[in-house]
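Numbering (this note's numbering), first residue to last: 387 to 909.
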């Protein structure tokens with residue numbers, strides 16, 4: 387991952403519009419003509435949210451002082467840099483060959499402007515480009531460009547003239563995808579790699595990939611013998627298609643490990659011969675988990691839209707515990723991804739459980755992800771009382787993890803009130819106070835005692851919470867809190883016992899006797 391200074395530098399280079407210019411752009415109708423549309427019915431794209439965040443960053447730090455950027459600002463800068471670089475890598479060359487007016491009408495221009503980059507301004511700063519004039523290129527150079535697009539390393543013989551070749555390349559590109567698909571591809575290159583059919587490319591035998599030889603019928607995906615380049619995570623394997631299998635396919639890596647993938651008729655498993663080793667196209671379920679690990683909520687949303695059956699996507703690996711997408715996102719603290727999953731109905735009608743009967747809330751509470759815990763509590767507060775296979779709940783997980791803020795959140799939302807929640811014990815008789823004491827969570831001890839936790843409660847092994855104190859300091863602190871609580875309870879009892887006496891004596895007359903004389907005292 388790039389360091390903070392490098393991200394800030396690239397962000398300031400790519401975002402070449404001012405906050406005022408970006409504000410005006412986002413108000414116009416052109417800004418809604420491209421990008422992934424949001425589900426709120428406003429007509430805005432996801433790029434609008436990014437644009438508003440960019441305006442906020444530019445206005446809060448007009449001098450672009452690297453020390454003044456917050457972690458949230460840098461995190462968004464990473465997204466902007468990643469998006470703009472992907473988009474420019476695919477569209478910049480084509481846009482530079484078009485007239486400026488034509489570029490301004492394209493969805494590519496609108497999409498980049500939403501993310502703070504004006505390609506026209508960059509083009510003018512670099513001395514401008516072609517204004518609709520097509521320069522004749524030598525036949526040999528055009529031949530090389532066509533072979534480059536097809537991923538070929540050698541030229542294929544062709545008797546067509548240079549002009550007709552150029553026209554065929556442009557027509558073929560127009561048939562495969564329009565500007566809208568280009569925007570979607572820029573927003574998630576990994577997703578597009580498997581959701582859309584590959585581009586028609588020229589192979590060594592003179593045929594175009596994706597087209598049947600002879601009859602011209604369109605085929606699904608690449609064919610054996612075709613040469614393709616696939617955008618796949620960190621790698622971009624390029625080579626000849628060795629096998630296209632609608633069933634299960636297994637290959638052996640250079641380290642001797644075996645990798646398998648189950649394909650189907652619509653989404654076959656494809657094996658590439660890249661020369662030194664074989665590569666297999668990654669399946670959507672794994673891509674979805676990688677997107678969650680990266681915290682890319684937009685890509686997660688797009689994959690789920692194309693593959694709704696992967697909403698839960700349990701991890702069936704030996705150590706995966708059948709954790710669902712929500713378990714993974716919550717344990718990593720990715721709030722935006724959790725929100726996408728909630729909106730898609732992941733926790734309806736009840737929370738997802740893994741093999742240990744744990745909810746996503748339990749994992750987030752134990753890991754200390756406050757924002758995710760708050761989000762899940764707002765969604766379903768009853769989930770706080772759910773127990774796992776060991777009888778533990780989210781309150782116990784937060785206490786054991788030493789997360790006092792999360793503990794307070796859970797006790798605020800828990801149905802039945804905090805007093806009942808802190809009296810609950812797991813299958814071994816341990817209460818939340820036992821876990822907090824064992825962790826040495828001093829703030830958690832005070833929170834639990836204030837909620838009414840029983841300090842004398844013993845577990846199955848006849849141990850009190852104080853016996854599990856992680857340190858001498860924690861034990862002394864706990865005993866001090868217990869003494870303080872006991873003193874306060876005695877004071878409250880004393881006040882309650884004095885109160886009835888005061889009520890009986892108010893406004894009455896008492897006779898006071900003495901050895902010397904008698905007198906009346908009015909109280």
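Don't be surprised by glycine CBs; every beta carbon is placed ideally from N, CA and C.
Closest by C-alpha distance to residue i, when choosing among the options
i	options	result
residue 465	439, 454, 478 and 477	439
residue 727	831, 769, 436 and 682	682
residue 391	816, 450 and 791	450
residue 634	650, 671 and 413	650
residue 849	830, 671 and 816	816
residue 804	787, 732 and 837	837
residue 865	828, 883 and 884	828
residue 768	745, 483 and 884	745
residue 860	472, 397, 788 and 402	788
First and last residue of the uninterrupted beta strand (DSSP E) at residue i
i	result
residue 791	Per DSSP, residue 791 belongs to no beta strand (DSSP E); it is in the alpha helix (DSSP H), 790-799.
residue 637	634-638
Beta-carbon proximity list for residue i, same chain, < 7 Å, skipping 5 on both sides
i	result
residue 761	721, 724 and 725
residue 820	845, 851 and 854
residue 470	400, 498, 501 and 503
For residue j and residue i, the rounded distance between their alpha carbons
i	j	result
residue 772	residue 686	27 Å
residue 758	residue 476	36 Å
residue 511	residue 460	26 Å
residue 794	residue 657	52 Å
residue 741	residue 709	8 Å
residue 750	residue 826	20 Å
residue 523	residue 498	Legend: pLDDT at residue 523 = 43, less than 50; position of this residue unreliable, no value from coordinates given.
residue 500	residue 467	13 Å
residue 778	residue 812	5 Å
residue 843	residue 800	21 Å
residue 507	residue 479	15 Å
residue 638	residue 738	35 Å
residue 878	residue 824	30 Å
residue 748	residue 611	50 Å
residue 774	residue 503	49 Å
residue 716	residue 792	14 Å
residue 718	residue 443	26 Å
residue 754	residue 790	9 Å
residue 388	residue 765	35 Å
residue 393	residue 786	37 Å
residue 876	residue 870	10 Å
residue 644	residue 704	15 Å
residue 430	residue 418	6 Å
residue 822	residue 632	53 Å
residue 840	residue 884	27 Å
residue 395	residue 455	12 Å
residue 447	residue 474	26 Å
residue 680	residue 505	28 Å
residue 483	residue 509	11 Å
Residue i classed as buried or exposed, judged by whether at least 16 other C-beta atoms fall within 10 angstroms
i	result
residue 684	buried
residue 776	exposed
residue 798	exposed
residue 880	exposed
residue 874	exposed
residue 437	buried
residue 736	exposed
residue 453	exposed
residue 636	exposed
residue 586	Below a pLDDT of 50, predicted positions are generally treated as unreliable, and residue 586, at 37, falls in that range; the measurement from the model is reported next regardless. Label assigned to residue 586: buried.
residue 441	buried
residue 833	buried
residue 882	exposed
residue 630	buried
Terminal residues of the alpha helix (DSSP H) in which residue i lies
i	result
residue 806	804-809
residue 734	Run containing residue 734: none; DSSP gives neither H nor E here.
residue 495	493-500
residue 825	818-825
residue 728	721-729
residue 470	457-482
residue 670	670-680
residue 752	746-753
residue 844	First-last for residue 844: undefined, no H or E at that position.
6 Å Cβ shell around residue i - same chain, five flanking residues per side excluded
i	result
residue 445	405
residue 714	678
residue 489	481 and 495
residue 647	635, 655, 666 and 669
Close-in-space but distant-in-sequence residues of the same chain around residue i (CB under 8 Å, 5 per side omitted)
i	result
residue 674	686, 689, 690, 693, 696, 699 and 711
residue 796	751, 759, 763, 770, 780, 781, 784 and 807
residue 602	Per-residue confidence for residue 602 stands at a pLDDT of 40, beneath the threshold of 50, marking its modelled position as unreliable; no derived number is given.
residue 835	819, 841, 867, 868 and 871
Residue i Cβ short of 7 Å to the ligand ZN heavy atom set
i	result
residue 657	Ligands in the displayed structure: none, and consequently the ligand ZN is not present.
is_contact[residue i, chain D] using C-beta, thresh 8 Å
i	result
residue 694	As a matter of chain content, chain D is missing from the structure shown, which is built from one protein chain.
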